[in-house]
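Student: Residues -27 to -1, 1 to 472 in mature numbering (1 follows the signal peptide of the UniProt record, and there is no 0) are what the sequence shown lists, from first letter to last.
Virtual Cβ for every residue (Gly too), placed ideally from N, Cα, C.
Computed from a prediction, not measured in an experiment: that's the story for all the values here.
Below is the structure I would like to discuss, written out as structure tokens.
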Amino acid sequence: MLEMKPSKGVVLLLLAVVAQYASMATAAGPKVIIVGAGMSGISAGKRLSEAGITDLVILEATERIGGRIHKTKFAGLNVEMGANWVEGVNGDEMNPIWTMANGTGGLNLRTFRSDFDHLAKNTYKQDGGLYEEEFVEKIIERMEEVEEDGSKLAGTLHHSGQQDMSVMAMQRLNDHVPSGPSTPVDMVVDYFQHDFEFAEPPRVTSLQNTQPLPTFDNFGDDVYFVADQRGYESVVYHVAGQYLRTDRKSGTIIDPRLKLNTVVREITYFPSGVAVRTEDSKVYRADYVVVSTSLGVLQTDLIRFKPKLPSWKIVSIYQFDMAVYTKIFIKFPKRFWPEGPGTEFFLHASERRGYYPVWQQFEKQYPGSNVLLVTVTDDESRRIEQQPDSETMAEAVEVLKKMFPGENVPDATEILVPRWWSNRFFKGTFSNWPIGVNRYEYDLIRAPVGRVYFTGEHTSEKYNGYVHGAYLAGIDSADILIDCAKKKVCKYNVKGKHD
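Below, the structure is given as structure tokens:
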């Protein structure tokens, strides 16, 4: 149980803060302020509304809702800059996002099952041409054997996380490329298996918390690519529309409780309430605040907390990784890549790990668009974000020209490079499980501090990094607040690391 005994200095500081904001605390104001209108913030608002807490204000830094679920116009299409798949479908349990996107009574979004079964015959040498299918298939099969052994090993480790190890350490234990993948094919298969999912390499990813993954264990192994011109964000609008007033014709949210382009810079909390100050020096007052910003934002000084958050909270925030996953869309004047069944995804086996590695063509999703998608992550993402798009386009086209030496590969005409890491309102794309953490650290990162509550995909113990994780985390965090506000059960229990 988290019970912090304040020092004399903290008590004096709190008294000063209470005096400074006395008028704010007694003034009429919304019951709850939600900071951030991404999936978790919108989901939390819906849950609070269902519990009768409708005196809300949602402060969103950008000009839209949806957060890291965001469509944008590119080459005459609406494409997804962030989340693009419903991950975990056709299993024993129903993924709540799939229910909304394509379930009975849902939005019936245009979705396509992603088929990753043909990578062995679609792996290209960096100097041109395809590797032998049988050669790549053996590497993939060995990788899958090692993954199965890793899942078995993970199940034997103590739940405290003390015996946890990196995925790479597990690979070495299984005599799987003991020095780490070193050949181009080993590296790109390893990258596809791990970085393409977690946006960080196996050497920093937890074995215990990623093998097996609850998302696929519970919801099913299938993933569906959202290619609907309404955008994946229509799922967030679907949730928001259940409690925020919306214009029926346009679908625009017209509820005055949603404040867009409102950047929160300071949250002051005291025993009787909270005061939230924005960049334009406005102050919003409430009984509680729910912070749904990304983990990356929490790890910066965009929002200052007064008093400073306790050390246990700060440490929990910094223990988790904010990864970067970059989907680069490139438009060409003509197609030069293979099409037809079994060609949707293809790999570039470079001597430089993670260099324009995973490609996707859109024969089914965007017919006739002549658009390719290449995914990069981590250090490559940060590097690419800091260079001009023209340079990135030149690099990508050069890779393709070498991969397809027999084709007349034209220069690209357009490119879209999302910059999630550079954006001060996101600072990355999703959280990744570090080594050695367990439920204890997740309870700490989700735990309220006084009247300040926290939510976001990074607070989802089972499904961090996923859209369904953000949605379910919003519900979980709202329930914690409801227990306090409505039932007066305000102590948040955190089991010990070894309990």
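Can you round the beta-carbon distance between D168 and G40 to whole angstroms, since I take them to be within the 8 Å contact cut?
Tutor: On the sequence shown, position 195 is the one that residue 168 refers to. On the sequence shown, position 67 is the one that residue 40 refers to. With 8 Å as the limit, D168 and G40 do not qualify as a contact, their Cβ atoms being about 23 Å apart.
Student: Taking the alpha-carbon of Q215 as reference, which of D472, N51, R412, M73 has the nearest alpha-carbon?
Tutor: Taking the sequence shown and counting its residues from 1, one reaches residue 215 at position 242. Answer by Cα proximity: M73.
Student: Are any of the Cβ atoms in chain D nearer than 8 Å to that of L271?
Tutor: Note that chain D does not occur in the displayed structure, where there is just one protein chain.
Student: Which word fits T386, buried or exposed, when buried means at least 16 other C-beta atoms lie within 10 angstroms of its C-beta?
Tutor: Residue numbering aside, residue 386 sits at position 413 when the sequence shown is read from its first letter. Label assigned to T386: exposed.
Student: What first and last residue would you give for the alpha helix (DSSP H) that runs through G128?
Tutor: Walking along the sequence shown from the start, residue 128 turns up at place 155. Its alpha helix (DSSP H) spans residues 106 to 129.
Student: Rounded to whole angstroms, how far is the Cβ of V344 from the Cβ of K304, which I believe are closer than 8 Å?
Tutor: The count along the sequence shown starts at 1 and reaches residue 344 at position 371. The count along the sequence shown starts at 1 and reaches residue 304 at position 331. Indeed, because the Cβ distance is near 5 Å, the residues count as touching under 8 Å.
Student: Secondary structure at H416, three-state DSSP: helix, strand or coil?
Tutor: To locate residue 416, count along the sequence shown from 1; it is residue 443. A quick correction: the sequence has Asp, not His, at residue 416. In this structure, D416 counts as helix in the three-state DSSP scheme.
Student: Pull up the distance between the alpha-carbon of N191 and that of P383, whole angstroms please.
Tutor: Along the sequence shown, one-based indexing puts residue 191 at 218. Along the sequence shown, one-based indexing puts residue 383 at 410. C-alpha separation (whole angstroms): 44 Å.
Student: If you drop the 5 nearest sequence neighbours on each side, which residues of the same chain put their C-beta closer than 6 Å to that of R277?
Tutor: Your numbering for residue 277 matches position 304 in the sequence shown. Same-chain partners within the cutoff: E239.
Student: Three or more beta-carbon pairs under 8 Å between the stretch 281 to 292 and the stretch 37 to 51, yes or no?
Tutor: With the cut-off at 8 Å, the stretch 281 to 292 and the stretch 37 to 51 do not touch.
Student: Using the Cβ count rule (16 or more neighbours within 10 Å means buried), how would you classify C463?
Tutor: By 1-based counting over the sequence shown, the position of residue 463 is 490. The residue in question, C463, is exposed, as its Cβ has fewer than 16 Cβ neighbours within 10 Å.
Student: Quick one: Cα of E105 to Cα of L346, how far?
Tutor: Taking the first residue of the sequence shown as position 1, residue 105 is located at position 132. Taking the first residue of the sequence shown as position 1, residue 346 is located at position 373. Taking the straight line joining both Cα atoms gives about 24 Å.
Student: Between which two residues does the beta strand (DSSP E) harbouring L29 extend?
Tutor: Here residue 29 refers to the residue found at position 56 when the sequence shown is read from its first residue. Taken as a continuous stretch (DSSP letters only), the beta strand (DSSP E) holding L29 covers 29 to 32.
Student: Only counting the same chain, and skipping five residues up and downstream in sequence, which positions put a Cβ closer than 6 Å to that of M(-4)?
Tutor: In the sequence shown, residue -4 corresponds to position 24, counting from 1. Residue placement at M(-4) is poorly supported in this model, since its pLDDT is 41, which falls under 50; the coordinates still yield a value, given next. Contacts found: A248, R258.
Student: Determine whether the beta carbon atoms of T402 and G55 lie at a separation below 8 Å.
Tutor: By 1-based counting over the sequence shown, the position of residue 402 is 429. By 1-based counting over the sequence shown, the position of residue 55 is 82. Going by C-beta atoms, T402 is nearer than 8 Å to G55.
Student: Beta-carbon separation of Y200 and F85 under 8 Å?
Tutor: Residue mapping note: residue 200 aligns to position 227 of the sequence shown, counting from 1. Residue mapping note: residue 85 aligns to position 112 of the sequence shown, counting from 1. In the sequence as presented, Tyr is not what sits at residue 200; that position holds Ala. Taking 8 Å as the Cβ cut-off, A200 and F85 qualify as a contacting pair.
Student: Out of I26, P154, R20, state which residue places its alpha-carbon closest to the alpha-carbon of V5.
Tutor: Counted from its first residue, the sequence shown places residue 5 at position 32. For the residues I26, P154, R20, the minimum Cα distance to V5 belongs to I26.
Student: Straight-line CA distance for A420 to T129?
Tutor: Translated into the one-based positions of the sequence shown, residue 420 becomes position 447. Translated into the one-based positions of the sequence shown, residue 129 becomes position 156. Taking the straight line joining both Cα atoms gives about 28 Å.
Student: With distances taken between CB atoms, is the gap from S139 to P175 smaller than 8 Å?
Tutor: Here residue 139 is taken as the residue at index 166 of the sequence shown, counted from 1. Here residue 175 is taken as the residue at index 202 of the sequence shown, counted from 1. In this structure, P175 lies closer than 8 Å to S139 by Cβ.
Student: In the DSSP assignment, what are the bridge partners of A458?
Tutor: Position 485 of the sequence shown, counted from the first residue, corresponds to residue 458. BP columns for A458 are empty, so no partner.
Student: Please name the residue in L217, Y436, R392 whose C-alpha comes closest to that of K400.
Tutor: The residue labelled residue 400 in the question sits at position 427 within the sequence shown. With distances taken between Cα atoms, K400 lies closest to R392.
Student: Buried or exposed for N81, please, with buried defined as at least 16 other CB atoms from any protein chain shown within 10 angstroms of its CB.
Tutor: By one-based count along the sequence shown, residue 81 stands at place 108. Exposed: under 16 other Cβ atoms inside 10 Å.
Student: Return helix, strand or coil for L275, following the three-state DSSP convention.
Tutor: By 1-based counting over the sequence shown, the position of residue 275 is 302. If DSSP states are grouped into helix, strand and coil, L275 belongs with coil.
Student: With DSSP as the reference, label N75 as helix, strand or coil.
Tutor: By one-based count along the sequence shown, residue 75 stands at place 102. Helix, per DSSP.
Student: In chain order, which continuous runs of the beta strand (DSSP E) of length 3 or greater are located wholly inside the stretch 136 to 220?
Tutor: List check, beta strand (DSSP E) in window: 195 to 199.
Student: Who does I7 pair with in a DSSP beta bridge?
Tutor: On the sequence shown, position 34 is the one that residue 7 refers to. Note: I7 sits in a beta bridge opposite I31, V263.
Student: For H441, which three-state DSSP category applies?
Tutor: Numbered from 1 along the sequence shown, position 468 holds the residue referred to as residue 441. Helix.
Student: So is W71 buried or exposed if we call it buried at 16+ other beta carbons inside 10 Å?
Tutor: For the purposes of this step, residue 71 is identified with residue 98 of the sequence shown, where counting begins at 1. The residue is buried, with at least 16 neighbouring Cβ atoms inside 10 Å.
Student: So, for V264: in the same chain, excluding its five sequence neighbours on each side, which residues have a beta-carbon less than 6 Å away from its beta-carbon?
Tutor: Indexing the sequence shown from 1 puts residue 264 at position 291. For V264, where only same-chain residues beyond five positions count, the Cβ hits under 6 Å are V8, F427.
Student: Just checking my contact of E429 with A451 at CB under 8 Å: how many whole Å lie between their CB atoms?
Tutor: What you label residue 429 is simply residue 456 of the sequence shown in a count that begins at 1. What you label residue 451 is simply residue 478 of the sequence shown in a count that begins at 1. It should be pointed out that residue 429 corresponds to Gly in this sequence rather than to Glu. About 12 Å separates the two Cβ atoms, so there is no contact after all.
Student: Residues bridged to K19 by DSSP?
Tutor: Within the sequence shown, the letter at position 46 stands for residue 19. Partner(s): none; K19 has no beta bridge.
Student: Which one of G313, H431, D416, L445 has the shortest CA to CA distance from V467?
Tutor: In the sequence shown, residue 467 corresponds to position 494, counting from 1. Measuring from the Cα of V467, the nearest candidate turns out to be D416.
Student: Does the pairing of the stretch 89 to 101 with the stretch 316 to 326 give three or more beta-carbon distances under 8 Å?
Tutor: Judged by Cβ distances under 8 Å, the stretch 89 to 101 makes contact with the stretch 316 to 326, as three or more pairs qualify.
Student: Only counting the same chain, and skipping five residues up and downstream in sequence, which positions put a Cβ closer than 8 Å to that of E110?
Tutor: Taking the first residue of the sequence shown as 1, we reach residue 110 at position 137. A93, listed in sequence order.
Student: What does F319 pair with, by DSSP beta-bridge criteria?
Tutor: Counting from 1 along the sequence shown, the entry for residue 319 is found at position 346. Paired residues: W332.
Student: Can you tell me the Cα-Cα spacing of P280 and V425, whole angstroms?
Tutor: Mapped onto the sequence shown, residue 280 falls at position 307. Mapped onto the sequence shown, residue 425 falls at position 452. Rounded to the nearest angstrom, the two C-alpha atoms are 11 Å apart.
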